[in-house]
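First comes the structure, then the notes that go with it.
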Amino acid sequence: MFHRAGAPLAVTLIAAVLDSIVGISVTSAIAGVPVRPNFVVIMADDLGYGDISCFGDPGYQTPHLDRLAREGLKLTDFHSNGAVCSPTRAALLTGRYQQRADIDGVIFADPKQNRDHGLHPDEVTFAEALGAVGYSTGIFGKWHLGYETQFNPVRQGFDEFRGYVSGNVCYQAHFDRMGIADWWHDDLLTPEEGYSTHLITEHAIEFIKQHREQPFCCYVAHEAVHSPFQGPEDPAVREEGVVGDKNTVSKKEIPRAYAEMAREMDNGIGQIVATLKELKLAEKTLVLFFSDNGGTPNGNNGPLKGYKGSLWEGGHRVPFIAWHPGTIKAGSVSSETAMTMDIMPTLIQLADAAEAVDHPLDGTSLVPVLYENGLLPERTLFWKAGNNWAVRRGSWKLVNMRRGRAQSDGPQLYHLGNDLGESEDVYAKHPELARSLQEEAVTWQADVAQSAMQELVP
Numbered sequence: 074m075f076h077r078a079g080a081p082l083a084v085t086l087i088a089a090v091l092d093s094i095v096g097i098s099v100t101s102a103i104a105g106v107p108v109r110p111n112f113v114v115i116m117a118d119d120l121g122y123g124d125i126s127c128f129g130d131p132g133y134q135t136p137h138l139d140r141l142a143r144e145g146l147k148l149t150d151f152h153s154n155g156a157v158c159s160p161t162r163a164a165l166l167t168g169r170y171q172q173r174a175d176i177d178g179v180i181f182a183d184p185k186q187n188r189d190h191g192l193h194p195d196e197v198t199f200a201e202a203l204g205a206v207g208y209s210t211g212i213f214g215k216w217h218l219g220y221e222t223q224f225n226p227v228r229q230g231f232d233e234f235r236g237y238v239s240g241n242v243c244y245q246a247h248f249d250r251m252g253i254a255d256w257w258h259d260d261l262l263t264p265e266e267g268y269s270t271h272l273i274t275e276h277a278i279e280f281i282k283q284h285r286e287q288p289f290c291c292y293v294a295h296e297a298v299h300s301p302f303q304g305p306e307d308p309a310v311r312e313e314g315v316v317g318d319k320n321t322v323s324k325k326e327i328p329r330a331y332a333e334m335a336r337e338m339d340n341g342i343g344q345i346v347a348t349l350k351e352l353k354l355a356e357k358t359l360v361l362f363f364s365d366n367g368g369t370p371n372g373n374n375g376p377l378k379g380y381k382g383s384l385w386e387g388g389h390r391v392p393f394i395a396w397h398p399g400t401i402k403a404g405s406v407s408s409e410t411a412m413t414m415d416i417m418p419t420l421i422q423l424a425d426a427a428e429a430v431d432h433p434l435d436g437t438s439l440v441p442v443l444y445e446n447g448l449l450p451e452r453t454l455f456w457k458a459g460n461n462w463a464v465r466r467g468s469w470k471l472v473n474m475r476r477g478r479a480q481s482d483g484p485q486l487y488h489l490g491n492d493l494g495e496s497e498d499v500y501a502k503h504p505e506l507a508r509s510l511q512e513e514a515v516t517w518q519a520d521v522a523q524s525a526m527q528e529l530v531p
């Protein structure tokens with residue numbers, strides 16, 4: 074198994090493989106689900122809850138995602154762990170609250186900020202756990218968990234990496250916000266021509282074809298629909314050594330570029346699914362799609378309040394689709410509440426790789442929801458972004474949103490089942506419940522946050 078520190082890697086790998094050979098597969102008890110299926114994990118960037126047509130916006134045409142939803146399952150109450158990029162990605166990779174890994178906010182490209190920060194190599198990722206039981210693992214697209222070589226994906230369990238390590242690059246020229254070249258093949262800077270969304274798709278398909286004969290996990294971390302807003306025919310907006318963007322589309326042109334970015338991502342997902350079908354891998358492969366946080370004001374969060382960066386629902390409730398032909402019932406919809414950190418437990422259960430992780434995970438496997446139309450255990454869930462925090466138990470949500478450096482008006486309580494738009498604060502009607510939720514938030518902070526977070530106060 075993998076230890077966060079201590080035992081030599083070779084010994085722990087052997088132990089994990091032996092344990093998996095002599096153990097009884099967890100997936101054997103789930104009718105029709107193949108043992109150790111392939112995984113294609115697709116994460117969009119800054120995609121709002123209403124940014125794809127199957128979640129409510131007919132203005133954006135996403136026919137391939139719509140088809141996955143018709144043929145698979147939608148979760149209507151799925152949430153990113155963070156309201157911005159890096160925290161959610163840390164939770165995805167580790168199956169734990171990102172605060173445990175000290176990734177509580179964005180890792181910036183600016184060396185004057187926290188460019189030297191990253192996901193510590195001792196953290197156990199789903200790539201390491203899957204690799205321990207024979208999976209080939211690759212990531213294509215955005216990393217955003219550390220710029221330095223020690224944090225590179227190939228140092229975190231992935232066999233292959235094609236993409237960029239920063240929060241975003243020019244879609245055409247692949248420079249980050251600081252004008253630093255940022256397109257990699259494994260841990261080597263390797264410039265490549267092409268629109269980033271197209272390159273991500275091409276490399277993901279190539280990886281799938283190369284590893285068709287063995288279990289694989291293909292993590293597709295799209296740049297779309299994050300800024301800079303560039304369709305495939307728009308010019309480059311960054312150049313080497315120059316900080317910031319130039320020649321950007323006008324405010325009036327942003328909706329056009331945004332729609333093109335969503336369309337190209339959707340087309341790429343369609344190409345990946347077509348490849349799985351051509352290789353006769355569709356029934357052996359679980360495809361998951363979700364976003365790293367809510368949409369920006371340039372996107373569409375549907376009926377939700379707030380945007381990326383906030384802890385209103387619009388900041389972290391995101392679309393989720395699962396597709397696995399022949400095993401996930403077509404047209405399924407579930408309102409179970411889930412989070413990004415639940416992905417890793419799901420993958421390692423299906424891969425029978427639990428023995429490769431030697432510490433508890435905060436996430437919960439989604440297998441009962443995906444394959445058995447079941448329910449998840451009752452639990453309380455938590456979010457924190459800067460000075461803001463939120464806690465969720467059932468349909469009840471207590472949220473504390475500050476306005477800049479000023480104190481907030483105090484925590485606000487909402488019943489999301491009756492008030493999805495968070496418009497009616499019912500704290501005064503349920504003070505004991507609100508205090509109970511806040512006490513849980515304080516306990517959670519002591520457990521997971523410690524040095525990475527400030528004290529939770531109104």
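Mind the numbering: the sequence shown is residues 74 to 531 in the numbering used here, read in order.
Virtual Cβ for every residue (Gly too), placed ideally from N, Cα, C.
Can you give me the C-alpha to C-alpha distance between A277 and Q283, rounded to a whole angstrom? Mapped onto the sequence shown, residue 277 falls at position 204. Mapped onto the sequence shown, residue 283 falls at position 210. For A277 and Q283, the distance between alpha carbons rounds to 10 Å.
Here's the rule I'm using: 16 or more other beta-carbon atoms within 10 Å means buried, otherwise exposed. How should D37 be labelled? The structure shown does not extend to residue 37, since the chain is modelled only from 74 through 531, so no value can be given for it.
Under the rule that 16 or more other beta-carbon atoms within 10 Å means buried, what is K350, buried or exposed? Here residue 350 refers to the residue found at position 277 of the sequence shown. That one is exposed.
Where S364 and R162 are concerned, what is the direct C-alpha to C-alpha distance, given to the nearest angstrom? Working through the sequence shown from its first residue, we reach residue 364 at position 291. Working through the sequence shown from its first residue, we reach residue 162 at position 89. The alpha-carbon atoms of S364 and R162 are separated by roughly 10 Å.
According to DSSP, V472 sits in a beta bridge with which residue or residues? Translated into the one-based positions of the sequence shown, residue 472 becomes position 399. Within the DSSP bridge table, the entry for V472 names A463 and Q485 as partners.
Report the residue ranges of all beta strand (DSSP E) runs contained in full by the region 340-402; include only those spanning at least 3 residues, in chain order. Within the region 340-402, the complete beta strand (DSSP E) runs of at least 3 residues are 358-364 and 390-396.
Between A51 and the rest of its own chain, which residues show a CB-CB distance below 6 Å, the 5 nearest in sequence each way excluded? Because the chain in this structure spans residues 74 to 531, residue 51 falls outside the shown range and cannot be described.
Answer yes or no: do L218 and I180 have a C-beta to C-beta separation smaller than 9 Å? On the sequence shown, residue 218 is found 145 positions in, with the first residue counted as 1. On the sequence shown, residue 180 is found 107 positions in, with the first residue counted as 1. At a Cβ-Cβ threshold of 9 Å, L218 and I180 count as neighbours.
Residues bridged to Y237 (per DSSP): Here residue 237 is taken as the residue at index 164 of the sequence shown, counted from 1. Paired residues: K215.
If the criterion is Cβ atoms closer than 9 Å, does the pair L449 and A395 meet it? Taking the first residue of the sequence shown as position 1, residue 449 is located at position 376. Taking the first residue of the sequence shown as position 1, residue 395 is located at position 322. It is not a contact, given that the beta carbons lie outside the stated cut-off.
Compute the distance between the beta-carbons of L420 and V113, then report whether it is under 9 Å. Against the sequence shown, residue 420 aligns to sequence position 347. Against the sequence shown, residue 113 aligns to sequence position 40. No, the pair does not count as a contact, with Cβ atoms beyond the cut-off.
Near W123, which residues of its chain fall below 7 Å by C-beta distance, leaving aside the five closest residues on each side in sequence? Locating residue 123 in the sequence shown gives position 50, counting from the first residue. For the record, residue 123 in the displayed sequence is Gly; it is not Trp. Only residues of its own chain outside the window of five on either side were considered, and among them G129, D130, N373, N374 and G375 have a CB closer than 7 Å to the CB of G123, listed in chain order.
Where DSSP assigns a beta bridge to C290, which residues make up the other side? Taking the sequence shown and counting its residues from 1, the one referred to as residue 290 is at position 217. Paired residues: F112 and T210.
Whole-angstrom distance between C158 and R235, CA atom to CA atom: Here residue 235 corresponds to residue number 162 of the sequence shown, with the count starting at 1. Here residue 158 corresponds to residue number 85 of the sequence shown, with the count starting at 1. Their backbone Cα atoms lie some 18 Å apart in a straight line.
Can you give the Cα-Cα distance for A182 and V106, rounded to whole angstroms? As a working mapping, residue 182 is identified with position 109 in the sequence shown. As a working mapping, residue 106 is identified with position 33 in the sequence shown. Their backbone Cα atoms lie some 42 Å apart in a straight line.
For W456, three-class secondary structure by DSSP: Taking the sequence shown and counting its residues from 1, one reaches residue 456 at position 383. DSSP places W456 in the strand class (E or B) of the three-state scheme.
Is the number of C-beta pairs between the region 379-389 and the region 304-317 that are closer than 8 Å three or more? Touching, no.
Look at S468 and N491 and say whether their C-beta atoms are less than 9 Å apart. As a first step, residue 468 must be located in the sequence shown, where it is residue number 395. As a first step, residue 491 must be located in the sequence shown, where it is residue number 418. For S468 and N491, yes; Cβs fall inside 9 Å.
From the DSSP output, in three-state form, read off S408 for me. Position 335 of the sequence shown, counting from 1, holds the residue named residue 408. Three-state result, S408: strand.
In its own chain, which residues sit with a C-beta less than 7 Å from the C-beta of D307, not counting the 5 before and 5 after it? The residue given as residue 307 occupies position 234 in the sequence shown. If we look at D307 and ignore the five residues flanking it on each side, its Cβ neighbours are V322 and A330.
Rounded distance between the beta-carbons of A507 and A297, thought under 8 Å: For the purposes of this step, residue 297 is taken as residue 224 along the sequence shown, with counting starting at 1. For the purposes of this step, residue 507 is taken as residue 434 along the sequence shown, with counting starting at 1. The Cβ separation is near 39 Å, so there is no contact.
Examine the Cβ distances between the region 251-261 and the region 210-226 and report whether three or more of them are shorter than 8 Å. Using a Cβ-Cβ distance cut-off of 8 Å, the region 251-261 and the region 210-226 are in contact, since at least three pairs of beta carbons, one from each stretch, lie closer than that value.
Based on the DSSP secondary-structure assignment, which residues constitute the bridge partners of A117? Working through the sequence shown from its first residue, we reach residue 117 at position 44. For A117, which the question treats as bridged, DSSP gives the partners S364.
Where A254 falls: helix, strand or coil (DSSP): Residue 254 sits at position 181 when you count from the first residue of the sequence shown. A254 carries a strand assignment under DSSP once its states are collapsed to helix, strand and coil.
In or out: T369 buried (at least 16 other Cβ within 10 Å) or exposed? As a position in the sequence shown, residue 369 is number 296, starting the count at 1. T369 counts as buried, since no fewer than 16 other beta carbons sit within 10 angstroms of its beta carbon.
Using C-beta distances below 7 Å, list every residue in its chain close to A174, excluding the 5 sequence neighbours before and after it, in chain order. Here the question's residue 174 lines up with position 101 in the sequence shown. Excluding residues within five positions, the ones whose Cβ falls inside 7 Å are A163, T167, L192, H193 and E196.
Taking only the alpha-carbon atoms, compute the straight-line gap between L384 and I176 and give it to the nearest angstrom. Position 311 of the sequence shown holds residue 384. Position 103 of the sequence shown holds residue 176. So the alpha carbons of these two residues sit roughly 17 Å apart.
Tell me the residue span of the alpha helix (DSSP H) that contains F199. Residue mapping note: residue 199 aligns to position 126 of the sequence shown, counting from 1. F199 to G204 is the span of the alpha helix (DSSP H), which, as asked, contains F199.
With 9 Å as the threshold, decide whether the Cβ of L448 is near any Cβ in chain D. Here there is only one protein chain, and chain D is not present.
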